[in-house]
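A.B. asks: Attaching a single structure in structure tokens format; questions to follow.
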Amino acid sequence: MHTRVRSAILISGRGSNMQALLDAARDKADFPASFDLVISDRADAAGLDIARKAGCDALALQQTGAGKAAWEAELTTLLRRADIELVCLAGFMRLLSGGFLAGLGRPVLNIHPSLLPDFPGLNAQAQALKAGVRVAGCTAHEVTEVMDAGPIIGQAQVPVQTYDSVEALSARILREEHRLYPACVARFLGARLQPSPTPEPETPVHAH
Ligand code: GAR
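With my numbering, letter number 126 in the sequence shown gets 132, and the count goes up by one each step, no holes.
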């Protein structure tokens with residue numbers, strides 16, 4: 007079996023997408039990533055306990071009075087020390103700076119509960135209901151310094167029902183997030199681990 011890509015998951019809360027990633031890495035022999043470290047920016051994130059119970063190293067790293075740059079520097083140190091090659095955000099509610107992303111030099115992925123580029127930012131499901139769309143969904147994408155705007159890896163759609171509530175729509179989308187995110191992590195790594203195809207010899211173009 008090929009070596010799995012050492013990966014970290016960043017969370018802020020419940021951690022159900024983190025759980026879906028941990029499950030995929032445990033259950034699928036050919037899953038290309040291992041999740042070796044979970045970091046939360048909140049000490050009270052329920053996901054921390056779930057990660058520990060699953061046998062993962064899990065810790066809280068909260069921003070202190072020293073500010074965001076110091077917090078990001080510490081995060082970089084922790085990720086480097088653990089030899090992390092891929093970072094997956096899973097319900098992580100902070101914007102990472104361009105300086106952090108460039109300094110880390112490792113891809114960072116995210117799952118967002120809308121069909122981006124529609125409804126970036128907070129409360130995406132409520133934004134979708136307010137806009138009156140009939141189709142909602144979720145997006146797995148690469149993270150750049152612009153919020154929810156990096157290259158899209160994959161999307162899944164769900165219908166919006168008449169008189170949907172934010173809770174019902176969010177639950178319908180979340181079920182798809184749990185399926186989509188692990189599949190997109192695998193797709194992303196698969197594409198990167200493939201040797202680039204040998205270019206076809208150029209064939210002359212004939213005009214007819
Ligand atoms: C998920 O719906 C995730 O897509 C969303 O927060 C929820 C976290 O749930 N993330 C964002 O809105 C990021 N902009 P979880 O903690 O159970 O995975």
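Don't be surprised by glycine CBs; every beta carbon is placed ideally from N, CA and C.
Tell me the DSSP secondary structure of proline 165 in three-state form.
C.D. replies: Three-state DSSP puts proline 165 in a strand.
A.B. asks: Taking leucine 28 as the reference, give the member of Ala137, Ile56, Ala51, Ala162 with the closest Cα.
C.D. replies: The shortest C-alpha separation from leucine 28 is found at Ile56.
A.B. asks: Comparing the CB of aspartate 50 with every heavy atom of the ligand GAR, is any distance shorter than 7 Å?
C.D. replies: It does not: the Cβ of aspartate 50 is nowhere closer than 7 Å to a heavy atom of the ligand GAR.
A.B. asks: Identify the continuous alpha helix (DSSP H) that holds serine 22 and give its terminal residues.
C.D. replies: Taken as a continuous stretch (DSSP letters only), the alpha helix (DSSP H) holding serine 22 covers 22–33.
A.B. asks: Identify, in the order they occur along the chain, each residue of the same chain with its Cβ nearer than 8 Å to the Cβ of isoleucine 90, setting aside the five sequence neighbours on each side.
C.D. replies: Closer than 8 Å at Cβ, skipping near neighbours: Arg12, Ser13, Ala14, Asp42, Leu43, Arg112.
A.B. asks: Please find out if some non-hydrogen atom of the ligand GAR comes closer than 7 Å to the beta-carbon of aspartate 154.
C.D. replies: Yes, Cβ of aspartate 154 sits closer than 7 Å to a heavy atom of the ligand GAR.
A.B. asks: With a CB to CB cut of under 8 Å and the five nearest residues on each side skipped, what residues in its chain are close to threonine 83?
C.D. replies: There are no such residues.
A.B. asks: May I ask whether a heavy atom of the ligand FAD can be found less than 7 Å away from the beta carbon of cysteine 144?
C.D. replies: Judged by which ligands are present, the ligand FAD is missing from the structure shown, whose ligands are the ligand GAR.
A.B. asks: Just the Cα atoms here: how many angstroms apart are histidine 214 and valine 141?
C.D. replies: Reliability fails at histidine 214, whose pLDDT of 49 lies under 50, so the model's placement of it is uncertain and the value that follows must be treated cautiously. Whole-angstrom Cα-Cα distance: 45 Å.
A.B. asks: Here's the rule: buried if 16 or more other CB atoms are within 10 angstroms of the residue's CB, otherwise exposed. What is threonine 9?
C.D. replies: So threonine 9 ends up on the exposed side.
A.B. asks: Tell me whether glycine 53 sits in a helix, a strand or coil according to DSSP, three-state version.
C.D. replies: Residue state, collapsed to three classes: helix.
A.B. asks: My guess is that leucine 121 and glycine 138 are in contact by the Cβ rule of under 8 Å, so how many angstroms apart are they, rounded?
C.D. replies: 14 Å between Cβ atoms; not a contact.
A.B. asks: Exposed or buried, what is glycine 53 when buried is set at 16 or more other beta-carbons lying within 10 Å of its beta-carbon?
C.D. replies: The residue in question, glycine 53, is buried, as its Cβ has 16 or more Cβ neighbours within 10 Å.
A.B. asks: Go ahead and label glycine 73 buried or exposed: buried means 16 or more other beta carbons lie within 10 angstroms of its beta carbon, across all protein chains shown.
C.D. replies: Glycine 73 comes out exposed.
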